[in-house]
Every structure is written in C-alpha cells, then in structure tokens.
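This report concerns only the one structure given below.
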Amino acid sequence: MYICICIYAYVCIHIYHLHITCITYKYCQKPKQGRGSKKIDEIEQKSEKLKKEEEKAEIGEIKPGINLQGYCINEDCLAAKVKLLVWVNIGFEEISFVSDKTLYICPDCGKSAVTAIVKATIFNSEHFISSSDNSAPVKDNHYQCFYSIKPGVSYEIKAKKIRQHAMNLEDLITRSENAMMSKEIINLVAELQKYLITVVKPPKVKDRARLLEKIQYDYNGDYNQVFDVGRFTILCDNATKLQTAVAVMKKAGKFNLVVSEDKDFFEKQSKTHHRIHNIKLYVPKHDVYVEMQATLKNFTTLEGYTIIENPNLSHSLYELLRTWKPKNSGAEEELKQASAEVLTKINDIICEWIDDKTIQKITDRYKAHSDIVVLKPPQLSKKTETEINSNMPLKMAKFTYDQLCNFTPEKIKGKAIYVNPASCADFTLLLQEARKLEMKEDITLTQALETYIPLQANNYPHIDGDDKQKHETFDCHQQKTKKKVNNNKNKKKRSGKSIFCRHLEETLWNNYTSNAKKLVPVYISFPKVYNKQNEQDIISQALQGKNISKEIMDVIREKVTFIFIMDGFDEIFDVYSKSDNDKYFYDRFNLSQWDAKVIVTCRSGVLNEDDIKTVLMGEDQNQIITSIMYLWPFTKQQMHNYIEKFAKMKSKNKKDYTDGDSDWTPDRYEETLNNYPKLKKMVEEPFLLQLILNVLPALVKRYGVGSKISRTKIYEVFNEQWIDVHVQNIILKLTELRIQINIQKIKATLEKYCLDLAFDMFIQRNQVAIEADFQNQNDEIWGKLDPSIEKESKSVMVESIELKTRKETISKTQDIWEKYFSGDSIAKYVLRRTGDNKYQFLHKSCQEYYAAQKIIFDIISWRPIANLDLNNQGFQQQFETHVPDLLINIKLLNEEQGIIKFISERIHDTDPIFSNLKSRLFRIIEASKKNEKVSVAAANAITILNSANVNMHYRDWSGIKIPHATLDNAFLEGTDFQNANLDY
C-alpha cells in the first residue's frame with residue numbers, strides 16, 4: 003500500500019467568495035494494490051483521461067453591468083422544467099436582494115420568476131458589492147468578476163460604466179501621457195513584441211481641438227467618458243496572433259494593470275462594422291484608462307501600416323456622421339441613416355465581413371470616373387462653400403462627390419468601395435432603356451428600321467422631273483455623323499425623314515461608349531412633346547418622357563454633350579407660328595442651356611423662304627452655324643435594295659402574312675411596279691414605297707394589271723388591311739372568351755373611329771391623342787392658392803392666373819380626346835401607341851387620308867329633304883342651307899396639303915360614290931355669294947378644285963367670298979370675279 007497525494011489547484015484571478023478562498027488543496031489517500039490489480043488500475047486511469055467533460059447548460063447572456071444567475075420557478079417555463087441555471091442582466095444599477103427572496107424576469111419565459119440566486123457576475127463595470135454576513139465589501143473595476151451568492155444573506159451591488167477620474171481635460175491629457183510612458187505599459191508592450199506582434203504608439207495623444215469636438219458631440223461635454231486619449235494599436239498578421247495578443251493583454255495583472263473592459267468586435271460586428279478587439283487597461287499608478295485596439299494588419303487604416311487605398315475615407319466619413327445632428331426627424335434622419343449604412347458597407351469590404359468572392363463581384367462592376375463621368379449631386383448646384391459647410395446634407399453630398407471624382411483606386415478592395423456611383427452611364431442607360439421600350443411598343447417602327455436604306459441628300463432641293471442620276475448626292479447619315487455643325491435641318495415631304503432620324507439615333511447608340519466626349523442622342527417627336535404653353539421646357543419634357551427626373555437635369559447639362567434629333571417641325575408649325583414669342587426656334591426652345599448639336603426635320607412646302615430664314619436659320623449666323631440638307635427621292639438602285647430587304651423580311655415573317663403575299667420575290671415586286679406607270683413615281687418616296695409594297699398584292703387583285711391607281715386608292719387598301727389585321731386580333735381574343743360578334747360591325751366601328759379621330763386631329767393641329775390617366779386629379783390642387791405672404795400677394799396672384807390658364811388649356815385638350823378613350827373601348831388599339839397614354843396614326847399621311855375621307859363623306863352624304871326630283875335651283879337652295887354645317891366650313895385647309903391632295907384625287911375617282919363630289923364643291927362656292935358665313939368652305943372648295951386641275955373657265959363667280967383660297971396656276975380664263983372677296 004502507498005499513500006497517493008493528489009493536489010488540485012484552482013487558480014482563479016479575481017474570483018471572489020466573500021469568505022475569500024482563492025487556492026484550495028484536496029488530499030486523498032488510496033490503499034496499496036497488489037501486482038495483479040496494477041493493470042486494472044492503469045486501464046481505469048486511461049478511462050478517466052478519455053472521459054468527456056459534461057457541458058454545463060446555461061440560459062441567458064452575460065452583458066455589461068450586473069448579471070445574476072438563479073433558477074426560474076415558472077412551471078410553464080422550459081428552463082424551469084429542466085432546472086437550468088438562468089442569467090439575468092440587470093445592467094448598470096444599484097440593487098439589494100436576498101437570494102431566495104427575490105424575483106427577476108426570466109429571459110426565457112419573460113415572467114418575474116427567477117429566484118434562488120447562486121452567482122453574480124459584474125462585467126465591464128466599476129462596481130461595489132457587500133453582504134450582511136460580515137464579509138469584507140469589495141470595490142473593483144476588473145472587466146469580469148464572479149461572486150458566489152449564499153442563501154439567506156442580503157447583498158448590495160452597485161455597478162456603473164467605467165469612467166476616467168480626471169479633474170479637467172488638461173489633467174486627463176497629462177495622466178494619459180504619463181500612463182503611456184509608464185513602466186507597466188512599457189513592460190506589457192515588450193511582452194507583446196516577444197510574439198512578433200506590432201504595437202503602434204501614436205507620436206502624441208489626440209489633438210486637443212479634436213478631443214474637445216468629440217467630447218462635445220459624443221459625451222455632452224463630459225471629458226471623463228473619453229478613453230482613447232492614451233491609446234495603442236495592436237497589429238497582428240493573422241487571427242491566431244490576434245488571439246495571442248488578447249490573451250497576453252488579459253493577463254495584464256502581472257504588469258500591475260487591470261483589464262477593465264473587454265469588447266470583442268472581431269467576431270461580432272460593431273455598430274460601424276470596424277473589426278477590432280478593444281481592451282481598456284486601467285493604470286492604477288496614474289488612475290487613468292488606456293485603450294488597446296487589436297486588429298489584423300489587413301484591416302487597419304492606420305497611416306504607414308495600412309494596405310488599404312485612401313485609408314482616411316472610412317474615418318473621415320465616420321467623423322462626418324459623428325458630428326451630424328439631424329435638424330428634423332424626417333428626411334434628414336433618413337439620409338444620415340443611409341450614410342451610416344454606406345460606412346458599414348465600406349468597413350464590410352475593408353474588414354472582410356464579406357468573402358473574397360463577393361468583393362470580387364462588386365469590384366467587377368467598378369468603372370473609373372474618367373470613363374463614366376460621375377454626376378454632381380443636383381442639390382449642390384449654385385451653392386457656395388459657406389452654404390455647403392453650414393448644411394450637413396449638402397456637406398455629405400459634396401464629400402461623396404469629391405471622393406468619387408478625385409480618387410481612382412487600383413486594388414480590389416478600393417474598387418469595391420468606389421463602385422457604382424450615380425453617373426452619366428446610368429443616365430444614358432435610362433435613355434437606352436426608354437428607347438428599347440419605344441421600339442417594343444411600336445412594331446411598325448421596328449420593321450421600318452429592319453428595311454432601312456441609307457438616304458441620299460443634297461445642299462439644294464430636288465426638282466420634280468429632274469434626272470437624279472445627273473446630280474452628285476451624299477449619304478445623309480455619313481454627312482450627319484461627320485459634319486461639325488450646331489444645327490442641321492432636313493427637308494423633304496414623306497422622304498423617310500422620321501425613319502432616318504430613328505436610324506441615326508440607333509447608329510449613334512450602337513457606337514456610343516461611356517465617354518463624356520461622345521454625343522448622347524435623344525430623339526424628340528415634336529407632335530408628341532410640343533406644348534405651346536411651355537415651349538422653353540421642351541427638352542425637359544422630352545427627357546421626363548424618357549424617365550429622366552427633373553432633379554438630375556441641371557447636373558447632366560454640365561456633364562453631357564447631346565445631339566437632339568427633333569423630328570416633325572412641320573406638324574407643329576401652324577400653332578408655333580401664331581405665337582408672338584421669338585420666331586427663332588433655338589431661342590424659343592431655350593436650347594442654349596444645353597451643350598448640344600441639334601437636328602430639326604421639316605417637310606418641304608410647309609415653311610416659306612422667309613420662315614426658313616427667321617425660324618430655322620436665325621438672324622445671327624455668326625453665333626450658331628446652321629446648314630440645311632435636303633433629302634432626295636430614292637434612286638433606282640435604292641429602290642432595288644429596299645425591295646430586296648422588304649421581300650426578305652416578308653419571307654422571314656411568313657406566319658404574319660396570308661394569301662401568298664410572302665411568296666412574292668424581289669423580281670416579282672419590281673415587274674409588277676413596272677406595270678403600273680403611275681406608281682413608279684410614287685415609290686421614290688421611302689414611306690410610300692413601303693406602303694405600296696405592303697398592299698401591292700392586294701392592289702393587283704382588286705384593280706388588275708396596268709390600271710390607273712391613285713395615291714388615295716393605295717391608302718384606301720392599306721388602311722383597310724390595317725383595320726382587318728386588328729379586327730382579326732379582336733375576334734381572336736373574343737373567341738377565346740366565347741363572345742360572338744359581327745365582323746363587319748367591328749370593322750365599321752373601327753373605320754368610324756379613325757375618321758372621327760383623324761378629323762379632330764386636323765382641327766386641333768395635333769397628331770397625338772392623349773388618353774386621360776388620372777390626369778385631372780390635380781386640377782383643384784393646381785388652382786388652389788397657398789396662404790400668401792402680404793408682400794408677395796401680387797406675384798402669387800399672377801402665378802395663380804398663369805396656373806389657371808394652363809389648367810384650363812390642359813383640361814380643354816383632354817376633353818377633346820376623352821370620347822376616344824372612354825370606358826374599356828378597344829378601338830384605340832388600331833392606333834400606334836407612342837407613350838404610356840399617347841396614341842397616333844401609323845403615319846401623318848394616314849391621319850390626313852382619314853380626315854379627307856371624313857370631309858368627303860360629309861359633303862356627298864347630304865340628301866335633299868323632299869323625296870321628289872328637284873330642279874337645279876331648288877336643289878341648290880336646299881343645299882345652301884346645309885353648307886354652313888359642313889365640316890369643310892370649320893377650318894381652312896391651306897396648311898394641309900396632304901388632305902387637299904387626298905380630296906382632289908377623289909374628284910377623278912371612277913367609283914360612283916364620288917361622282918357628285920366635284921359638283922358639290924362648285925355648289926359650295928356658289929353658296930358663298932349669298933352667305934358670307936360659308937366663306938371658309940368656299941375657299942377650301944376652290945382650293946381643292948384647283949389642286950385637282952379642274953377647269954374653272956368662264957364661271958359667273960361675281961360676289962363669291964373665298965378669302966385665303968389658293969388659286970396659283972388655276973384654270974380661270976373668262977371667269978367673272980366682280981365684287982368677289984379674294985383676299986389672301
């Protein structure tokens with residue numbers, strides 16, 4: 003037998019029992035064993051070594067301040083049922099309790115049911131504890147102290163946040179400086195350096211001005227809450243070294259230092275996501291705290307030790323946020339919160355809270371400022387430095403903008419931090435997306451671009467009958483993209499100018515790169531965006547229609563060079579010319595505020611030479627260089643190329659065509675055109691060529707080979723086909739819903755819809771019909787005055803009048819279109835959609851055709867009241883009473899050459915329904931002799947007859963009233979105009 007003495011030493015630093023026992027020795031004796039039992043004893047010893055330590059389950063979490071551990075007695079609590087110990091955090095408080103005569107809230111069940119307290123832990127606090135059993139009270143500031151609690155004993159615990167004990171700021175600075183140079187700290191630093199850990203001591207304590215600012219903003223002037231006056235940064239190569247450094251610092255007791263606070267933000271994120279392990283050491287000799295911040299070398303932004311580009315960024319942003327006290331709880335508070343989130347995202351990258359793969363993905367999106375041109379925040383526009391510095395939101399905006407513009411990162415983390423600012427690239431992307439949507443919604447435009455043939459142009463107009471082959475023309479597109487001019491004007495009637503504009507826009511986008519020197523193309527349809535009440539903002543209105551907000555427009559003016567492709571000036575000129583504003587379009591549309599080149603298209607014949615000089619060219623050509631380019635008709639080669647593309651497109655889209663149309667080859671198209679001499683002249687115009695090719699198979703079936711086919715008949719067949727397609731689509735949808743309806747009835751409804759709408763468009767001089775989409779909601783808001791300041795009452799009243807006038811104009815315009823979009827009408831789908839709630843005909847000429855048809859049918863559909871035969875005089879008398887109500891009497895047609903031409907061609911139409919058209923136009927002229935109120939109708943009638951080259955010789959037209967009629971080159975030999983009103 004032998005005596006085995008086993009010594010178990012429990013070494014507990016700052017583990018207090020109030021009867022204080024720090025080291026306990028336990029002795030045990032075992033009897034001697036014989037040799038036979040020796041092997042068994044060895045096996046038992048091995049078994050003891052392999053035995054797992056049982057895990058002690060505890061509920062709750064130890065947090066700063068007072069923490070008490072006891073048992074929950076709530077029968078419904080799971081922790082109580084399995085008799086688990088529960089931690090309850092009291093925080094920084096003063097408490098008195100008796101272990102088994104108290105109740106605290108259980109973190110598990112939420113009831114006041116924790117009692118039988120067995121342990122108290124004081125964490126990261128200065129504290130005092132005493133008991134009623136005559137044990138010595140304890141006052142300490144160690145970061146973690148454990149105390150056993152006895153049943154039946156009364157305890158008093160006080161815990162408060164650690165704080166400095168200086169008399170004033172100067173005293174705090176002096177103490178901190180002395181502590182940093184103390185033997186205790188020097189010995190600790192030396193110990194850390196033994197493990198190849200870098201310890202960085204700042205050359206001096208924090209700057210006094212910086213300290214005062216921090217004390218004021220962060221601690222309401224309490225300097226004893228500042229702990230980093232004296233500070234060290236501990237830099238480690240890896241996480242293991244960091245663990246070593248923390249372990250060494252936690253044993254600071256052997257250097258006569260006290261670990262008073264331990265905050266681990268290395269594995270658990272701090273508010274700002276800085277990745278550090280922060281330990282506050284108390285230096286008793288100087289009664290002051292020194293801060294030790296431990297992190298990895300890869301994560302530090304400390305100048306001279308960091309590998310992070312622009313390391314001051316994170317700290318500078320933090321300083322701005324720290325001093326930012328929002329003046330209201332609304333928008334500014336949200337902005338500050340958003341800025342704080344940016345800071346955390348920056349630190350997520352610096353401190354690798356996100357993995358390398360994710361950082362690389364973010365980096366891949368980075369583009370340098372020189373490539374994308376970062377947009378200046380619009381709120382900084384026209385702000386002085388003083389205004390910016392006195393306003394934190396502006397100061398933050400400028401800080402961000404300056405950072406993005408003035409620093410170009412080269413490394414992965416730097417690029418990830420500086421990725422994706424609001425830039426010109428974002429702006430141009432919005433424009434491109436808007437264009438894609440426009441193309442998607444306009445199938446006909448997409449098809450037209452698919453068959454586009456480069457147009458030829460010249461510096462002078464083409465003369466009908468002139469041999470085009472003898473003139474040297476140039477490629478219109480090449481001229482536009484190469485020529486360095488401020489303004490260009492395209493002029494040609496139905497020459498394909500709109501398709502050219504869209505093709506130019508497409509080409510410029512295809513060649514576009516995110517470069518400030520590249521022109522950004524913007525296609526603008528005058529009929530779609532022009533508003534006579536707000537001409538100066540036409541560009542802004544166009545951009546808003548492409549999802550560009552008002553807020554960034556001032557910004558992009560400074561950064562982006564545009565090319566505005568403004569199409570269809572002829573369609574707004576009638577309204578434009580009646581205004582008393584500046585005639586020159588460049589000034590009137592306020593284009594000088596944009597860095598832009600401008601292209602304006604206009605049909606020939608709409609503007610006379612004086613209009614061209616004053617409206618398009620401007621008086622002062624020295625300031626703005628302007629050139630005019632005239633589009634020329636198709637050459638034979640261009641027609642051939644177009645026909646080949648058209649036939650190829652038809653063949654590709656066979657499923658969209660019926661009756662064998664898709665089987666037509668280019669040769670068949672050209673041979674058929676040769677059999678129609680009158681069509682040969684028409685196909686020189688790109689749009690008419692497209693129109694004719696679409697209906698050519700149907701024209702052959704209806705009229706036969708070699709017949710005379712007018713332009714009007716081509717439009718008649720084309721529009722019938724267009725409506726038929728939509729009728730079939732409607733029938734298909736209704737069939738799916740098991741709804742039966744008469745096809746002819748749908749067709750007649752759509753035709754009447756087009757006739758009525760086209761005529762109203764003519765009256766309004768507007769090619770775009772707007773569907774009201776809750777547009778009237780704000781009428782009352784617009785007209786209602788804000789409470790006015792007395793001195794400003796006059797200006798406010800003027801503003802109110804202007805708003806009211808504009809409101810009435812908008813309301814009036816909307817009322818006109820309302821009947822075309824009422825209810826769930828499907829008729830609108832026969833139109834071409836050009837915006838969210840904007841519609842127009844496929845082409846202006848289609849609108850002109852329907853408007854002409856409406857006028858014609860109105861004239862020829864009249865029947866006399868009596869059902870018996872009337873002589874000419876009786877018929878005329880009845881007809882004259884009806885003339886004032888005719889549609890032709892509403893408005894002069896002089897500016898509508900397309901409508902005039904369509905009506906005049908019907909005069910020669912062999913279809914019997916038009917046989918009375920010519921005679922009734924003459925009757926309208928006769929009616930003006932007795933009734934001045936039909937002078938508009940009479941002037942229109944004679945203008946149409948003249949356009950149709952009708953012989954008007956030897957007529958007795960004395961006393962007729964035809965002011966403003968167009969009589970150029972009219973056949974009027976021997977006609978009597980005595981006392982006639984021929985004013986022009």
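In my numbering, the protein residues as written are 3 to 986.
All residues carry an ideal CB built from backbone N, CA and C; glycine is no exception.
Mapping the DSSP letters down to three states, classify residue i as helix, strand or coil.
| i | result |
| --- | --- |
| MET2 | This structure does not reach residue 2, given that the chain is present from 3 up to 986, and the question cannot be answered. |
| CYS604 | strand |
| ASN983 | strand |
| LEU322 | helix |
| LYS652 | helix |
| GLN769 | coil |
| ILE909 | helix |
| GLN166 | coil |
| TRP819 | helix |
| ASP357 | coil |
| HIS642 | helix |
| SER847 | helix |
| TRP511 | helix |
| VAL557 | helix |
| TYR956 | coil |
| HIS505 | helix |
| SER132 | strand |
| GLY498 | coil |
Flag residue i as yes when its Cβ comes closer than 7 angstroms to any non-hydrogen atom of the ligand COA, and as no otherwise.
| i | result |
| --- | --- |
| LEU433 | As for the ligand COA, it is missing from this structure, which has no ligand bound. |
Straight-line CA distance for residue i to residue j?
| i | j | result |
| --- | --- | --- |
| ASN983 | GLU560 | 57 angstroms |
| ASN536 | ILE465 | 38 angstroms |
| ILE529 | GLN769 | Going by the sequence as given, residue 529 is Pro instead of Ile. Answer to the nearest angstrom: the Cα atoms are 6 angstroms apart. |
| HIS955 | ILE857 | 26 angstroms |
| GLU975 | ILE892 | 29 angstroms |
| LEU86 | ALA59 | 7 angstroms |
| PRO395 | ASP597 | 29 angstroms |
| ILE962 | TYR525 | 47 angstroms |
| TYR454 | HIS845 | 16 angstroms |
| PHE776 | GLN639 | A caution first: PHE776 carries a pLDDT of 39, below 50, which makes its placement in the model unreliable, though a value can still be read off. Their backbone Cα atoms lie some 51 angstroms apart in a straight line. |
| VAL90 | LEU283 | 27 angstroms |
| TYR852 | PRO523 | 33 angstroms |
| ILE733 | ARG834 | 19 angstroms |
| THR386 | TYR514 | 35 angstroms |
| VAL207 | LEU105 | 47 angstroms |
| PRO965 | ILE927 | 12 angstroms |
| LYS338 | ILE61 | 37 angstroms |
| TYR671 | ASN696 | 10 angstroms |
| LEU521 | VAL562 | 8 angstroms |
| ARG210 | ALA181 | 18 angstroms |
| ARG808 | VAL531 | For ARG808, the pLDDT reaches just 41, beneath the cut-off of 50, and the residue's location in the model is therefore unreliable, although a value from the coordinates is still provided. The alpha-carbon atoms of ARG808 and VAL531 are separated by roughly 16 angstroms. |
| ILE390 | LYS400 | 8 angstroms |
| GLU269 | THR302 | 16 angstroms |
| LEU406 | LYS359 | 24 angstroms |
Taking only beta-carbon positions, decide if residue i is within less than 8 angstroms of chain B.
| i | result |
| --- | --- |
| SER527 | The chain inventory of the structure shown lacks chain B, comprising one protein chain alone. |
Could you tell me which residues DSSP pairs with residue i in its beta bridges?
| i | result |
| --- | --- |
| SER137 | Beta-bridge pairing links SER137 to no other residue. |
| ILE107 | SER114 |
Any contact of the segment 414-422 with the segment 333-353, i.e. 3+ C-beta pairs under 8 angstroms? yes
At 3 residues or longer, what runs of the beta strand (DSSP E) sit wholly inside the segment 215-295? 233-238, 260-266 and 279-285
At least three beta-carbon pairs within less than 8 angstroms, the segment 723-739 to the segment 874-885: no
Assess contact between the segment 107-115 and the segment 73-91, defined as three or more Cβ pairs (one per stretch) separated by less than 8 angstroms. Is contact present? yes
Decide if the segment 243-252 is in contact with the segment 290-303; the criterion is three or more beta carbon pairs, one per stretch, under 8 angstroms apart. yes
If you scan the segment 858-937 from start to end, which runs of the beta strand (DSSP E) of 3 or more residues do you find wholly inside it? none
The segment 320-329 in contact with the segment 431-449 per 3-pair CB rule at 8 angstroms: Too few Cβ pairs lie closer than 8 angstroms, so no.
Report yes or no: do three or more beta-carbon pairs, one from the segment 444-451 and one from the segment 578-589, lie closer than 8 angstroms? These segments do not touch.
Please give the ranges of any beta strand (DSSP E) in the segment 657-717, keeping only runs that are unbroken, at least 3 residues long and fully inside the region. none
Does the segment 671-688 come close enough to the segment 637-653 to have 3 or more Cβ pairs within less than 8 angstroms? yes
The segment 197-207 in contact with the segment 232-249 per 3-pair CB rule at 8 angstroms: yes
Count Cβ pairs between the segment 152-164 and the segment 131-139 that sit closer than 8 angstroms; are there 3 or more? yes
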